[in-house]
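Chains as they are written, first to last, in the numbering used here: chain F, 1 to 113; chain G, 114 to 225.
For glycine and all other residues, C-beta sits at the position ideal for the given N, C-alpha and C.
Everything numeric in this text was worked out from a predicted model, so none of it was measured.
Input: a single structure, listed below in structure tokens.
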């Protein structure tokens, strides 16, 4: 079975640009998570979907970050407009349901200049 | 504030030695999971230990859970260079959010 797929693996953007990150969860998983990872803050939850419905939308990230899940096998994370402080690794994870083990993708490393 | 957190930012030991990573948490839990993240990869689960278990083993890994002190440890014996990674604990809360809460992680470096 395929694991979680994320594209692109690396993204470089100019300040003010719009970028879209993509994620394909493990087939059959109900829950999908987007995280931002930095050395200082560790893993920060950006969004959490269950059966395509948005369950949590990280408060601090609401203004410029928007995650969508148009179908059960694909999700996007849009950052608009990007700022240099958004430079981080963005991880997507999926799980069966609730507190089950989360399966992570390899992440997208975003650099904003 | 973090609901789960590892107690050290970083640890370094020599190959072959044993090492322990500690985690503390702040809420009642049904289980705790340990994850490992190697460079360039996403985290992957190592061990799941339930609240009614005190110890769980997986090869060279041993996790303990003390619900009275709300703490857990992950021990690795006979460490290898490939154990170099960031180690996270993640808690399954008894109440509230129906999802895992991750700590910030401990960077473990295994020196040759």
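Limits of the beta strand (DSSP E) - the one that residue i falls within
| i | result |
| --- | --- |
| residue 42 of chain F | 42 to 50 |
| residue 193 of chain G | Element bounds for residue 193 of chain G: n/a, residue is neither H nor E. |
| residue 61 of chain F | Residue 61 of chain F -> no beta strand (DSSP E), and no H or E assigned at all. |
| residue 21 of chain F | 19 to 24 |
| residue 147 of chain G | 142 to 150 |
| residue 54 of chain F | 53 to 57 |
Local Cβ density within 10 Å of residue i, reported as buried at 16 or more and exposed below that
| i | result |
| --- | --- |
| residue 195 of chain G | exposed |
| residue 97 of chain F | exposed |
| residue 122 of chain G | exposed |
| residue 189 of chain G | buried |
| residue 38 of chain F | exposed |
| residue 99 of chain F | buried |
| residue 205 of chain G | buried |
Residue from the options whose Cα sits closest to the Cα of residue i
| i | options | result |
| --- | --- | --- |
| residue 113 of chain F | F:11, F:3, F:104, F:35 | F:11 |
| residue 2 of chain F | F:18, F:26, F:20, F:22 | F:26 |
| residue 215 of chain G | G:173, G:133, G:199, G:222 | G:199 |
| residue 77 of chain F | F:32, F:65, F:84 | F:65 |
| residue 181 of chain G | G:129, G:164, G:124 | G:164 |
| residue 135 of chain G | G:219, G:225, G:223, G:224 | G:219 |
| residue 41 of chain F | F:74, F:89, F:6 | F:89 |
Neighbourhood of residue i by C-beta, 6 Å cutoff - its chain only, sequence neighbours within 5 removed
| i | result |
| --- | --- |
| residue 162 of chain G | 145, 169, 176, 178 |
| residue 47 of chain F | 34, 57, 67 |
| residue 81 of chain F | 16 |
| residue 151 of chain G | 198 |
Per DSSP, the bridge partner or partners of residue i
| i | result |
| --- | --- |
| residue 34 of chain F | F:47, F:92 |
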